[in-house]
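Shown next, in structure tokens, is the structure this report addresses.
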Amino acid sequence: MDFTFIHAADLHLDSPLLGLAGYERAPVKKIRNATRKALDRLVELACEEKAAFIVIAGDLYDGDLKDYNTALFLQSRLSRLKQQGIKVYLALGNHDAQTRITKKLKLPDNTFVFASKKPETFTLPDLPVALHGQSYGHSAVDKNLSSSYPQALDDLINIGVLHTALSGRQGHEPYAPCSLSDLLQKGYDYWALGHVHAGEIVHEEPWIIFSGCAQGRNIRETGTKGCFVVKVEGKSLTPEFVTLDSVRWQVCRIEATGLKSPEQVLEKTAKKAEKLMEENQGQVLGLRVEITGQTPAHGELNQNPERWHNELRSLVADVTSEQAWVEKIILKTAAPLSLETLLAEDPLAAGLVEFTDQLINGREPEALAEITRQIEPLAAKLPGDLNKPPYELDLEDPTLMSGRLLLARDLILEKLNQQIKGGK
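Printed below as a string of structure tokens:
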């Protein structure tokens, strides 16, 4: 029997999209309901595809809820799926386990939640399918849940549902750790994974897939976000990624080498923003702009950053009809110094360049930690208006810190270069 199901995860309903709404001309209304819009699109997609069921591999919510509004919104969308005869199977994740409402909310009878004490199997009466899964009973699960999952049932399509980081994924807590071989040895046809917010096909046939989050929430969650629609024909499964997001994050990298003025840098950035809009088919974009390279505009950009940051934000909003806006600007430019002469004549400059390269590339973690430790009390004393864009000093943001280190290095090199020229 042929049928279709959908694999989604990490909806994080009503999670705030950080770093955006505070900026003038940001499309706040579109931002505010982005995670709800993703769920609406998921429901619409399931109806269009006439999906037999949806599997959600954890993190419906974003931690403990302050009221029932978010849960009631979810309940209403599950009820719509019920009207269309679409079942929903939920494995609760670490964020779901933090909210008391998860335990109190009565879900429609088309919705099934996997048990948390041990793996549970649902077999579908009208389809040759067995769904195996386990919910989190508390927010931090450090044991291998998959080890207790049953072996595949004969003559059925076996689908495993698990909220896990596998053997580890950068930026994610190592919850429910397990290996690829742990999953493969169960003999399932498809593993629907959640917790990791970047979509990833880990293995093909049998399929082991992270659907990724349905809506990116910050600059660390760049690119398209959505779910997988899986077509089943006999024993053959064909997954296809489908986008659900309404707000998308992108890094806009600008090479400024050879550009002679801040105006030229802004013009190039505006053209790149227009190109990104075309590539993302008019999607609402939150952009982090990173400007690099040796340019005569370096001094003016860094001496009056507030002016140029504001002009850049305004220009990007204008050329994209306010469908894109700038979340943050990272300046990693350098003055066009005669570095070869400087480095050859001044061992202090050569040592400085080598040391900062080591810091930025992570080869001197102890030294970087010591620099951060010394800067931290100074950063805490900065007046409020000097610790926000474009002057902010975020000690936990490696990209921002590397830009600040490069700026400090280039200021020193420029002074040394001027001294050498003055001495000739």
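The sequence shown begins at 1 in the UniProt record's numbering and counts up one residue at a time.
C-beta atoms are modelled at their ideal positions from N, C-alpha and C, and glycine is treated no differently.
From a predicted model like this one, the values you see are computed outputs, not experimental measurements.
In the three-state DSSP reduction, Ile219 falls in the coil class, being neither helix nor strand. Boundaries of the beta strand (DSSP E) around Val129: 129–133. The stretch 318–335 makes contact with the stretch 290–309: 3 or more CB pairs, one atom from each, lie closer than 8 Å. Between Gly133 and Phe114, the C-beta gap is smaller than 7 Å, which places the two residues in contact.
In the displayed model, Ala324 falls within a strand according to three-state DSSP.
Spatial neighbours of Ser167 in its own chain (CB-CB distance under 7 Å, excluding positions within 5 residues in sequence) are listed in chain order as Pro177, Ser179. Scanning Ala130, Met401, Leu74 for the CA closest to the CA of Ile375 turns up Met401. Secondary structure at Gln84: coil, using DSSP grouped into helix, strand and coil. Taking all protein chains shown into account, Pro239 has 16 or more neighbouring C-beta atoms within 10 Å of its C-beta and is therefore buried. His138 carries a coil assignment under DSSP once its states are collapsed to helix, strand and coil. Under the three-state reduction of DSSP output, Val229 falls in the strand class. Counting every other CB atom within 10 Å of its CB across the protein chains shown gives His203 a total below 16, marking it as exposed. The C-beta distance from Ile209 to His12 rounds to 19 Å, too long to meet the 8 Å contact threshold. Contact between Cys252 and Arg288 holds: their C-beta atoms lie close to 7 Å from each other, under 8 Å. DSSP places Pro239 outside any alpha helix (DSSP H); the residue lies instead in the beta strand (DSSP E), whose first and last residues are 236–243. Rounded to the nearest angstrom, the Cβ distance from Leu107 to Thr121 is 19 Å, too far for a contact under 8 Å. DSSP places Gln358 within a helical segment (H, G or I) once states are collapsed to three. The shortest CA-to-CA distance from Ala71 to any of Arg36, Leu81, Ala91, Val88 is the one to Arg36. If only complete runs of 4 or more residues are kept, the stretch 239–291 shows the alpha helix (DSSP H) at 262–279, in order along the chain. Counting only runs that start and end inside the stretch 155–221, the beta strand (DSSP E) elements of at least 3 residues fall at 157–163, 190–194, 200–203, 207–210. By the CB criterion at 7 Å, Val316 and Ala34 fall outside the cutoff. Look at Gln294 here: in three-state DSSP terms it is strand. Cα atoms of Lys50 and Gln83: separation of roughly 12 Å, rounded to the nearest angstrom.
Tyr89 has Val55, Phe112 as its beta-bridge partners, per DSSP. Under the three-state reduction of DSSP output, Ala334 falls in the strand class.
Under the three-state reduction of DSSP, Ala8 is assigned to strand. Judged by DSSP secondary structure, Glu120 falls within the beta strand (DSSP E) whose first and last residues are 120–123.
Nearest Cα to Lys186 within the set Leu413, Pro206, Ser15: Pro206. A Cβ-Cβ separation of about 6 Å places Ser148 in contact with Lys118 under the 8 Å criterion. Under the Cβ criterion (8 Å, minimum of three pairs), the stretch 260–267 does not count as touching the stretch 214–230. Here Leu301 really is in contact with Val265; their C-beta atoms are around 7 Å apart, less than 8 Å. With respect to Arg80, Leu244 sits apart: the two C-beta atoms are not nearer than 7 Å. The beta carbon of Ala152 sits closer than 7 Å to the beta carbons of Asn158, Lys186, Gly187, Tyr188 from its chain, once the five residues preceding and following it are set aside; these are given in chain order. Residue range 34–49 is occupied by the alpha helix (DSSP H) that includes Leu39. Around the beta carbon of Met277, a 10 Å sphere encloses 16 or more other beta carbons of the protein chains shown; the residue is thus reported as buried.
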